[in-house]
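In my numbering, the protein residues as written are 1 to 392.
Step one of this worksheet: look at the structure below.
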Ligand SMILES: Cc1cc2nc3c(=O)[nH]c(=O)nc-3n(C[C@H](O)[C@H](O)[C@H](O)COP(=O)(O)OP(=O)(O)OC[C@H]3O[C@@H](n4cnc5c(N)ncnc54)[C@H](O)[C@@H]3O)c2cc1C
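The following block contains the structure:
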């Protein structure tokens, strides 16, 4: 029997295991139906920032940032963190909540400063900036590599004695009354466990519903477009454009564009059934926004597209929680921003499992409880940006 079985070897499952090992728990088995990082983790744009209006989410991102910065020492591997900075541009209608959010972020310890259009023009000389009211720059932000991070965590975990079983699909969580005792695999094998943590993204829903636990998690199809600028853009910061509602960063010289408008988020019934390329409509929407924002790029060419599924909750914030069953926990519903908060969130999950509470500064465990949805007590930012989706 393992002390802890974790279902899902994405960045959340591996980060949770890492945090447990930091607390001396190494008798852990991670089970994945496919392979390490094969889910949303391997498809992530990997943007890293602390710009959140919800204090506990900003604080999780800050804790995670410290991990990303020290990952080469901690894990002995390059996880692909490119600390190019994170830039936000905002329209006039959102200046007041933006400044209030920045003040709150700084009070939590986030390094973020308002900067002028002329400073932005030095960073992104190809960009059109006249429709923004103001900007902020988080110099410690940037982008990482979800797949490399999960793989590096997995390698370090194996070194600490953690067992990672790939191709091991969990078909059922096994309970004796209201206490969980293990999991059953698709081939019938039962893996006994003292504690089970379900970290299987949108696939967590059917595993928990079989026990009568409703997880309000909706799979959402997302589409990204890679554009070859055919010119050297240097190493500018990740650009979160909250006017055109898009994000862009450079990856290997190409620009990775995501459409952050609400209508670009397409709910789907099955997280395993979606196209592996963006639609013509999605490509056109991205191209239009890209051309508007970057008139200084004279001959851009679409090189490819990427798609994936995010696991969204009604308040676009994660569930990191105990359940109605003793020794059964869940870390799911990352809502499209699970990579940048994964190390902190893994620590939070480990602390809920071991202590029932959080010791992370400014991160009350109760913020992420599953019951908040039934209670109508959603985790939302007090600094609402009009016209943007709720992950800021
Ligand atoms: C296109 C895209 C762009 C994104 N961009 C960003 C970004 O810029 N910044 C950011 O912070 N976040 C981003 N995200 C979100 C982030 O990548 C995810 O929130 C995060 O990777 C989720 O990790 P996870 O471990 O919860 O889930 P996953 O990585 O999906 O892992 C779940 C694992 O569970 C396994 N599994 C499922 N069912 C079972 C079962 N029955 N038995 C055993 N194993 C099972 C799967 O195989 C999978 O490996 C993006 C996501 C997408 C799709």
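Virtual Cβ for every residue (Gly too), placed ideally from N, Cα, C.
| Query | Result |
| --- | --- |
| Within its chain, find whatever has a CB closer than 6 angstroms to the CB of residue 387; leave out the 5 residues flanking it on each side and keep chain order. | none |
| What are the uninterrupted segments assigned as beta strand (DSSP E) that are 3 or more residues long and contained completely in the stretch 38–110, given in chain order? | 86–90 |
| Taking 7 angstroms as the cut-off, is the CB of residue 289 close to at least one heavy atom of ligand 1? | no |
| Under the rule that 16 or more other beta-carbon atoms within 10 Å means buried, what is residue 214, buried or exposed? | exposed |
| When the distance is taken between beta carbons, is residue 339 closer than 8 angstroms to residue 41? | yes |
| At what residues does the alpha helix (DSSP H) containing residue 349 begin and finish? | 338–355 |
| Below 8 angstroms, how does it come out for the stretch 281–299 and the stretch 239–250: are there three or more Cβ pairs, yes or no? | yes |
| Rounded to whole angstroms, what is the Cα-Cα separation between residue 109 and residue 364? | 17 angstroms |
| Measuring straight from C-alpha to C-alpha, what distance separates residue 159 and residue 74? | 12 angstroms |
| Can you name the residues that DSSP bridges to residue 299? | Answer by DSSP bridge pairing: none, since residue 299 is not bridged. |
| Just to confirm, are residue 143 and residue 47 a CB contact at a threshold of 8 angstroms? | yes |
| Here's the rule I'm using: 16 or more other beta-carbon atoms within 10 Å means buried, otherwise exposed. How should residue 230 be labelled? | exposed |
| Out of curiosity, what's the CA-to-CA distance linking residue 163 and residue 28? | 6 angstroms |
| Less than 8 angstroms between CB atoms is the rule here; does residue 94 satisfy it with respect to chain C? | Checking the listed chains, one finds no chain C in this structure; it contains a single protein chain. |
| Measure the C-alpha to C-alpha separation of residue 125 and residue 117 and round it to an integer number of angstroms. | 10 angstroms |
| Residue 230 by DSSP, collapsed to three states: which one? | coil |
| Can you say whether residue 186 is buried or exposed, counting buried as having 16 or more other CB atoms within 10 angstroms of its CB? | exposed |
| Going by DSSP, what residues sit across from residue 332 in a beta bridge? | 319 |
| Indicate, with yes or no, if ligand 1 has a heavy atom lying under 7 angstroms from the CB of residue 63. | no |
| Determine, using beta-carbon pairs with one atom in the stretch 251–259 and one in the stretch 151–158, whether at least three such pairs fall under 8 angstroms. | no |
| Can you list, in chain order, the residues of its chain whose CB lies under 6 angstroms from that of residue 476, leaving out five sequence neighbours each side? | Because the chain here runs from 1 to 392, residue 476 falls outside it and cannot be looked at. |
| Reducing DSSP to helix, strand and coil, say where residue 146 ends up. | helix |
| Express the C-alpha separation of residue 263 and residue 304 in angstroms, rounding to a whole number. | 21 angstroms |
| Look at residue 193 and residue 1 and say whether their C-beta atoms are less than 8 angstroms apart. | yes |
| Ligand 1 and residue 149: does the residue's C-beta get closer than 7 angstroms to at least one heavy atom of that ligand? | no |
| Which runs of the beta strand (DSSP E) fall wholly inside the stretch 201–231 and span at least 3 residues, in chain order? | 218–228 |
| Taking DSSP's pairing of strands, which residues face residue 418 in a bridge? | The structure shown does not extend to residue 418, since the chain spans only 1 to 392, so no value can be given for it. |
| Residue 281 to residue 72, Cα distance in whole Å? | 41 angstroms |
| To the nearest angstrom, report how far apart residue 195 and residue 32 are at their CA atoms. | 17 angstroms |
| Would the C-beta of residue 200 count as close to ligand 1, meaning under 7 angstroms from any of its heavy atoms? | yes |
| On the DSSP bridge list, what partners appear for residue 132? | In the DSSP output, where bridge partners are listed per residue, residue 132 has none listed. |
| So, at 7 angstroms on beta carbons, what are the nonlocal neighbours of residue 314 in its own chain, with the 5 sequence-adjacent residues on each side left out? | 216, 373 and 378 |
| Cβ of residue 349 within 7 angstroms of any heavy atom in ligand 1? | no |
| Closest to residue 58 by C-alpha separation, out of 245, 155 and 141, would be which residue? | 141 |
| Would you give the residue range spanned by the beta strand (DSSP E) that residue 25 belongs to? | Here residue 25 belongs to no beta strand (DSSP E), and DSSP marks it neither H nor E. |
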